[in-house]
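Quick note on numbering: this note's numbering labels position 12 of the sequence shown as 12, and the sequence is numbered without any gaps.
In what follows, a structure is listed as structure tokens, so that the remarks can point back to it.
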Amino acid sequence: MTSPLVCIIDDDAGMRTSLDGLIRSLGYRSMCFACAEDFLESAAIEESACIVADVQMREISGVELCWMVQERYRNQNGVPVILISAFCDDRMRAGAKAAGAIVLLRKPFDGDELVGFIEQAILVGHTRHS
1 MTSPLVCIID DDAGMRTSLD GLIRSLGYRS MCFACAEDFL ESAAIEESAC IVADVQMREI
61 SGVELCWMVQ ERYRNQNGVP VILISAFCDD RMRAGAKAAG AIVLLRKPFD GDELVGFIEQ
121 AILVGHTRHS
């Protein structure tokens with residue numbers, strides 16, 4: 001059995017690299033995308049156990065991506081989405097919650113906190129694929 005896939009979507013190459021290393025150190029597979037469009041055009045969405053996405057991106061924001069993912073899986077449990085952003089306010093948190101995100105974490109975030117949410121998301125994602 002292959003390990004769960006975590007997709008990282010962030011326009012910051014340094015953040016993608018850091019998250020990729022963290023996720024691989026947990027024993028999960030990861031795929032990185034510089035924008036939501038590239039992710040949506042890939043086959044990765046079909047096997048994603050979890051998505052970690054930045055909110056502030058060109059064209060399609062992380063919140064919009066979350067809506068799109070939830071719409072795609074509206075008759076199922078969906079793919080768990082963790083949103084991250086350097087700029088968090090009450091309006092953004094409300095938008096993330098309404099879109100179905102598990103959590104919105106403010107950059108820089110605590111690595112252990114992110115790991116906890118990823119592991120929770122993997123569990124939810126595993127249930128969806130079972």
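Idealized CB from N, CA, C, for every residue including glycine.
Values in this document were obtained by computation on a predicted structure and should not be read as measured data.
- Burial is judged here by how many other beta carbons sit within 10 angstroms of a residue's own beta carbon; Gly95 has at least 16 and is buried.
- Val63 places its beta carbon 8 Å or farther from that of Ile51.
- Taking Ser61 as reference, the option from Ile122, Ile9 and Lys97 with the minimal CA-CA separation is Ile9.
- Burial is judged here by how many other beta carbons sit within 10 angstroms of a residue's own beta carbon; Ser25 has fewer than 16 and is exposed.
- DSSP, reduced to helix, strand and coil, places Arg24 within a helical segment of the structure shown.
- Assignment of beta-bridge partners to Phe33 by DSSP yields Ile9.
- Between the region 35 to 46 and the region 100 to 108, the count of Cβ pairs shorter than 8 Å is below three; the stretches do not touch.
- Rounded to whole angstroms, the separation of the alpha carbons of Cys66 and Arg93 is 13 Å.
- If only complete runs of 4 or more residues are kept, the region 34 to 80 shows the alpha helix (DSSP H) at 36 to 41, 44 to 47 and 62 to 72, in order along the chain.
- Put simply, of Met31, Thr2, Ser48 and Ile45 the residue whose alpha carbon is nearest the alpha carbon of Ala13 is Met31.
- Residue nearest to Ile84 within the set Lys97, Gly78 and Arg72 is Lys97 (criterion: CA-CA distance).
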